[in-house]
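Line by line, the protein sequences give chains A and B.
The numbering of the first sequence is our numbering, which starts it at 81 and goes up by one.
The numbering of the second sequence is our numbering, which starts it at 133 and goes up by one.
Backbone N, C-alpha and C define an ideal beta-carbon position, used for all residues, glycine too.
Only a predicted model underlies this, so the values are computations on that prediction, with no experimental measurement involved.
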Amino acid sequence: MEEFVQQLTNGLAVGSIYALIALGYTMVYGVLKLINFAHGDLFTLGAYLGLTLLTSFSLQDKMGPLAAVGLLAIMVMGLVALIGALLDRVAYKPLRDSPRLSAVVSALGASIFLQNTVMLIYGARFRVYPQDILPRTVIDFFGMPIPLMRILILLVSLAMMVALYTFIQKTRIGTAIRAAAIDQGAARLMGINVDRVILIVFMVGPALGGAAGLMVGLYYGQINFTMGWVYGLKAFTAAILGGIGNIPGAMLGGLLLGVMEALGAAYISIAWKDAIAFMVLILILIVRPKGILGERVAEKI
Amino acid sequence: MRLEIKDLHVKYGNVGVLHGVNLTVEEGEIVTILGANGAGKSTTLMSISGLVKPSSGKIIFGGEDITKLKSHKIVERGVAQSPEGRRVFGTLTVDENLLLGGFTNFDANHKAKTREWIYHLFPILKERATQLAGTLSGGEQQMLAIARALMARPKILLLDEPSLGLAPILVKTIFETIREINETGVTVVLVEQNARAALKLAHRGYVLEVGKIVLEDSAETLLANPKVQNAYLGGG
Ligand SMILES: Nc1ncnc2c1ncn2[C@@H]1O[C@H](COP(=O)(O)OP(=O)(O)OP(=O)(O)O)[C@@H](O)[C@H]1O
Ligand SMILES: [Mg+2]
Chain A
81 MEEFVQQLTN GLAVGSIYAL IALGYTMVYG VLKLINFAHG DLFTLGAYLG
131 LTLLTSFSLQ DKMGPLAAVG LLAIMVMGLV ALIGALLDRV AYKPLRDSPR
181 LSAVVSALGA SIFLQNTVML IYGARFRVYP QDILPRTVID FFGMPIPLMR
231 ILILLVSLAM MVALYTFIQK TRIGTAIRAA AIDQGAARLM GINVDRVILI
281 VFMVGPALGG AAGLMVGLYY GQINFTMGWV YGLKAFTAAI LGGIGNIPGA
331 MLGGLLLGVM EALGAAYISI AWKDAIAFMV LILILIVRPK GILGERVAEK
381 I
Chain B
133 MRLEIKDLHV KYGNVGVLHG VNLTVEEGEI VTILGANGAG KSTTLMSISG
183 LVKPSSGKII FGGEDITKLK SHKIVERGVA QSPEGRRVFG TLTVDENLLL
233 GGFTNFDANH KAKTREWIYH LFPILKERAT QLAGTLSGGE QQMLAIARAL
283 MARPKILLLD EPSLGLAPIL VKTIFETIRE INETGVTVVL VEQNARAALK
333 LAHRGYVLEV GKIVLEDSAE TLLANPKVQN AYLGGG
């Protein structure tokens, strides 16, 4: 039982990180029908920018751990959002009217570019987050020791998802984003500035991805310039699992994938951990390509 | 405000679709554009709304050249369209569709009044407010598409085949509503397959054939024109 609860909570924490990244894929896909392959690298950037900001300003000495991490999160999200907007400007916007394949190639190119930029700046070796930022407290959960960090990650991610969901469902801009995802032409006839909608999507998604990168840094303590590849692919799987283009789907897909992976690693074999995600991807593409909550049939990319 | 289209040429890729369309709509008029399938009627409306950019020619609204304006700026100038095939946002509620129609309208008071007016024109939409637009019947969706365009409080309303696929009784209702809208001072450009009904409603009409205006006259004269009768009124 304890093993199960440990794996379940761990799976949920990791899954909530997948979910945050998956939201970026799904939002861009929703509006542009484009897989932003560079999204995983924006997540990596979030992790590295977090490290740089944390160490260069010694935030935790100045304001205590929680305020420091809060401020850090805001800065990282803001910066990655700007980079996301820039990425759209440079890599995608000029190709808006071109065949879809051009944008896909551009996305792959942008991914390689970002990954190598991170490597050139920070080096190819693992970098380590300072260990003393957040207390490594373990709390007692019905007699089972659960790391506080794990719970914090889950709660903070869930809070962000609720905030995003509210934004998309309840605000004027959120409704415009949904409209643009359904029918861009009709949205433009309503007087919606679709370019602005796309810009917002390319800021909100990366902000969440950047936050996820920061959390991975804080949680695992180690980051590497290729981390965006594995996390990106898993989050992409999560987005497909939930139904790409569907926002609650990305959240559900992320959490589900995290739990499946954690339980699979515990009860089947740890060696299977990464393979599980890809088996899920292949299975879902064969059995139900539109995903759990997807309404549209997934189009070929 | 008067709408003028001057020598409009539009291409899709390198296929020319409009070859020098000239058309004027005076303030307060209902003008209909008739033409066979593929003549370029929808393309003309989409050019006015800025979703299709012409290769040459000018579109002038209220003295301002709007040819190169972005589509949302054109809506802000008071040009709204209910497009062919309705294109309501099916997975959004009726209420959300109307909200989006008023996207460029920031005056809350004004919006509330517009909504009242719309519920007066189309009472059924009030009943259906929280329903998903995709679950409405064809006629209700058409009403929603027109209502949504009206939410922008347009000076000129572009209607692309509002009677498409509707039962005759509904067509009558819709056309009566168009007249009512026009009587409040909204200029109307009406593209129709149902030429007879359109000419009965309109003040003037244009006939578009393969991308060119071939005929332009008052609605009564067009109704009486044997060429129009043969081609568009089923032999009269
Ligand atoms: N997006 C597009 N890309 C390429 N060709 C197009 C496009 N839209 C329309 N066309 C072509 O342009 C021509 C004019 O089309 P348009 O839709 O303007 O005609 P229409 O008069 O509205 O016809 P209908 O009565 O069928 O609605 C047609 O030959 C059509 O096939
Ligand atoms: Mg048409």
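Query, Result
"At a cut-off of 8 Å, would you count B/Ser174 as near ligand 2, judging by its Cβ distance to the nearest heavy atom?", "yes"
"Going by C-alpha to C-alpha distance, which of A/Arg176, A/Pro227, A/Leu133 and A/Ile362 sits closest to A/Pro210?", "A/Leu133"
"Can you tell me where the alpha helix (DSSP H) with B/His252 in it begins and where it stops?", "Ala240 to Leu253"
"Contact between the stretch 201-208 of chain B and the stretch 286-293 of chain A: three or more CB pairs below 8 Å?", "no"
"Considering only C-alpha positions, which residue in the set B/Gly172, B/Glu196 and B/Gly194 is nearest to B/Pro186?", "B/Gly172"
"Taking any Cβ of chain A, which residues in the stretch 253-277 of chain B have a Cβ under 8 Å from it, in chain order?", "none"
"So with Cβ pairs under 9 Å, would you call B/Lys138 a contact of chain A?", "no"
"Would you give the residue range spanned by the beta strand (DSSP E) that B/Lys344 belongs to?", "Lys344 to Ser350"
"For the stretch 141-168 of chain A, which residues have a beta carbon sitting closer than 7 Å to at least one beta carbon of chain B?", "none"
"Which partner residues of B/Leu291 appear in the DSSP bridge assignment?", "B/Ser214 and B/Leu322"
"Return helix, strand or coil for B/Leu298, following the three-state DSSP convention.", "coil"
"Check B/Asn154 in the structure and name its three-state DSSP category.", "strand"
"What does the Cβ neighbour count give for A/Tyr347, buried or exposed, with the cut at 16 atoms within 10 Å?", "exposed"
"Counting pairs of beta carbons, one from the stretch 286-293 of chain B and one from the stretch 250-264 of chain B, are three or more of them closer than 8 Å?", "no"
"The beta strand (DSSP E) with B/Glu161 in it runs from where to where?", "Unbroken run through B/Glu161: none, as it is neither H nor E."
"What does the Cβ neighbour count give for A/Ile192, buried or exposed, with the cut at 16 atoms within 10 Å?", "exposed"
"On the three-state DSSP scale, how would you describe B/Arg134?", "coil"
"Can you list the alpha helix (DSSP H) stretches of 4 or more residues lying completely in the stretch 178-209 of chain B, in chain order?", "203-208"
"Roughly how many angstroms lie between the CA atoms of A/Ile350 and A/Gly344, to the nearest whole one?", "7 Å"
"Around the Cβ of B/Ser214, are there at least 16 other Cβ atoms within 10 angstroms (buried) or fewer (exposed)?", "buried"
"Checking contacts by CB at 9 Å: is B/Glu293 closer than that to chain A?", "no"
"Evaluate B/Gly233 with the Cβ neighbour count: other Cβ atoms within 10 Å of its Cβ, from every protein chain shown; 16 or more gives buried, anything less gives exposed.", "buried"
"On the DSSP letters alone, give me the boundaries of the beta strand (DSSP E) that A/Val185 sits inside.", "Unbroken run through A/Val185 is the alpha helix (DSSP H), Arg180 to Tyr202; no beta strand (DSSP E)."
"When every heavy atom of ligand 2 is checked, does at least one fall within less than 8 Å of the C-beta of B/Val437?", "Within the shown structure, residues of chain B are numbered from 133 to 368, placing residue 437 of chain B beyond reach of any answer."
"Shorter than 8 Å, the distance from the beta carbon of B/Glu315 to the closest heavy atom of ligand 2, or not?", "no"
"If we define contact as Cβ-Cβ less than 9 Å, is B/Ala279 a contact residue for chain A?", "no"
"Helix, strand or coil for A/Met22 per DSSP?", "What is shown of chain A runs 81 to 381, which leaves residue 22 of chain A out entirely."
"What does the alpha-carbon distance come out to for the pair A/Leu114 and A/Ala183?", "7 Å"
"Taking all protein chains shown into account, decide if B/Gly368 is buried (16 or more other Cβ within 10 angstroms of its Cβ) or exposed.", "Residue placement at B/Gly368 is flagged as unreliable, the pLDDT there being 47, under the threshold of 50; the coordinate-derived value follows with that caveat. Counting Cβ neighbours within 10 Å, B/Gly368 comes out exposed, since fewer than 16 surround it."
"Quick one: give me the first and last residue of the beta strand (DSSP E) that A/Ile219 is part of.", "Val218 to Phe221"
"Quick check on B/Thr225: does DSSP put it in helix, strand or coil?", "strand"
"Spell out whether any CB of chain A is found under 9 Å from the CB atom of B/Ile215.", "It should be pointed out that residue 215 of chain B corresponds to Pro in this sequence rather than to Ile. Yes, B/Pro215 counts as interfacial toward chain A."
"Interface residues of chain A around B/Ala329 at Cβ under 7 Å?", "The contacting residues do not exist; B/Ala329 stays about 24 Å from chain A at best."
"Quick check: does the Cβ of B/Asp139 come within less than 8 Å of any heavy atom belonging to ligand 1?", "no"
"Checking the sheet assignment: what are the DSSP bridge partners for A/Pro225?", "A/Asp220"
"Please state the DSSP three-state secondary structure of A/Lys113.", "coil"
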